[in-house]
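One structure is given here, and the rest of the page talks about it.
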């Protein structure tokens, strides 16, 4: 009995030394690990950027309510000018004086023309005077120049054309498309935020799993170290008993086989603990070789938080990211069907322009800049598209109905999942109670076996079996506590309450 007490005391001292953190180690709590992982996770960063992009889309959609102002500039070089009369007409105009002089000369050579058509002597004298004047070279040249100038005025100089315009357009009615676009953008923004929440919850669950795995391995490592100490002490006792002739070599070999197995398990646990801490460091964005110690590793007993998950069916549908995303998808597809319908409805827009041209369009195409403005209303009415619009609209409504079916199916699966996690919590509670009872029985069994072994009435094999049962019972108790903690985490994730 004294030997057993001394052995257990030594094991407890060894366990205490194992969990004492070194000064170089960083002690982390579960909340600190969650915060660092959320900040470091790449998927969360992607989801955050999607939220920012959705915000830009929302601002873009709101801008469609406002007028659009655009400026246009144009320069053209044409190889030919515009002539309003033909080349023959141009030649006739440029020789107008010569033609008139020819007619005048004919009148002068035919005096009977005036006598035949003009009886009034005063008129006849006046016409005769004009005809004489028109036959002079000065009048002929003047008329030729006048014809040439007229021909030039009927030729528009458009070899170099400059055009500038400022246009303002304000939609008045576009079939509800702008309103639908704004709602789609708002739903897309909310969807991105919902997806971000879902990614955060996945990160939290992953971190919690890694965190409690480390705590579980650390506690089992302590148990293994205690178990190794027990076997080493027993090996020493069997060696003494063998020398006194009350134990055999077979007894000592059995103990040493168990000791070797325990030491191998100890090495595996140490390696597993190191790898698990590397995984947690990677999730938290820390160097893999960081020396960390978790707060719950220092606790003598794993305390299960008093955390009760309370929810209603409405809360479940509202908080679960997957369901909320599908609800938003239904609304988005509904708005998109209205956008498709708007493409085949009349549209009306108010438009205003200020136009500057050179040559001037309002000043006889003179080679100078001149501006003008105009306002108007533009209407577009689709007439017939051979059923294209109706089929596109029906296709869009089909997407709405399909997403609604997916939402109903997801709701049923989520309700089933929540019920399963509630059952797992009840199962974990039962396992924990059974593990606690088994642990008490295993400790009592080990105590009795050690007493019998010291009295010489119990064989070493029975003591080894009792020690193995003690290790298994404690290990199951640790697993039961971890399972109970994680069951609550999973239930919170299933109800959308994990933050």
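Residue numbers (our numbering): 3 to 501.
Every residue gets a Cβ at the ideal spot worked out from N, C-alpha and C, and that includes glycine.
| Query | Result |
| --- | --- |
| Residue 234 versus residue 261 - alpha carbon distance | 7 Å |
| Buried or exposed (CB count within 10 angstroms, at least 16 for buried), residue 491 | buried |
| Where residue 25 falls, given that 16 or more other Cβ within 10 Å makes a residue buried | Confidence is the limiting factor: at residue 25 the pLDDT is only 45, short of 50, which leaves the residue's position unreliable, though a coordinate-based value still follows. Exposed: under 16 other Cβ atoms inside 10 Å. |
| Euclidean distance between Cα positions of residue 274 and residue 205 | 22 Å |
| Nearest-angstrom Cβ-Cβ length linking residue 177 and residue 344, presumed shorter than 8 Å | 3 Å |
| Residue 72, DSSP secondary structure in three states | strand |
| Opposing strand residues paired with residue 378 [DSSP bridges] | 353 |
| Alpha-carbon spacing of residue 366 relative to residue 379, whole angstroms | 28 Å |
| Check whether residue 266 and residue 469 have beta carbons under 9 Å apart | no |
| Cβ pair count under 8 Å reaching 3, the region 446–465 against the region 167–176 | no |
| Touch test, the region 185–202 against the region 323–331, Cβ-Cβ under 8 Å, three pairs minimum | yes |
| Own chain, CB closer than 6 Å to residue 349, minus 5 neighbours either side, in chain order | 176, 382 |
| Where residue 440 sits in the DSSP three-state scheme | helix |
| Beta-carbon contacts of residue 57 that lie in its chain and below 8 Å, excluding the five residues immediately before and after | 191 |
| Assigned exposure category for residue 455 - 16 Cβ within 10 Å defines buried | buried |
| Anticipated Cβ contact below 8 Å, residue 198 with residue 50, distance rounded | 6 Å |
| Boundaries of the beta strand (DSSP E) in which residue 167 is found, first to last residue | 162–175 |
| C-beta atoms of residue 346 and residue 387 nearer than 9 Å | yes |
| Spatial neighbours of residue 287 in its chain, beta-carbon cut-off 8 Å, leaving aside the 5 residues before and after | 38, 39, 41, 42 |
| Proximity of residue 162 and residue 64 at Cβ, strictly below 9 Å | no |
| Range of the contiguous alpha helix (DSSP H) that encloses residue 294 | Counting along the chain, residue 294 falls outside any alpha helix (DSSP H), though it belongs to the beta strand (DSSP E) covering 294–296. |
| Beta-carbon contacts of residue 398 that lie in its chain and below 6 Å, excluding the five residues immediately before and after | 338, 339, 342 |
| Best match in 242, 472, 476 for proximity to residue 449 [C-alpha to C-alpha] | 472 |
| Sheet register partners of residue 30 (DSSP bridge) | 296 |
| Cα-Cα separation, residue 291 to residue 452 | 42 Å |
| Distance, residue 488 Cα to residue 44 Cα | 24 Å |
| Through-space distance from residue 321 to residue 497, alpha-carbon basis | 7 Å |
| Under the three-state DSSP convention, the category residue 269 falls into | helix |
| Given residue 88 as reference, the closest of 30, 434, 158 once Cα atoms are compared | 158 |
| Residues near residue 203 in its chain [Cβ-Cβ closer than 6 Å; skip 5 each side] | 495, 500 |
| Rounded Cβ spacing between residue 304 and residue 483 (contact assumed at less than 8 Å) | 4 Å |
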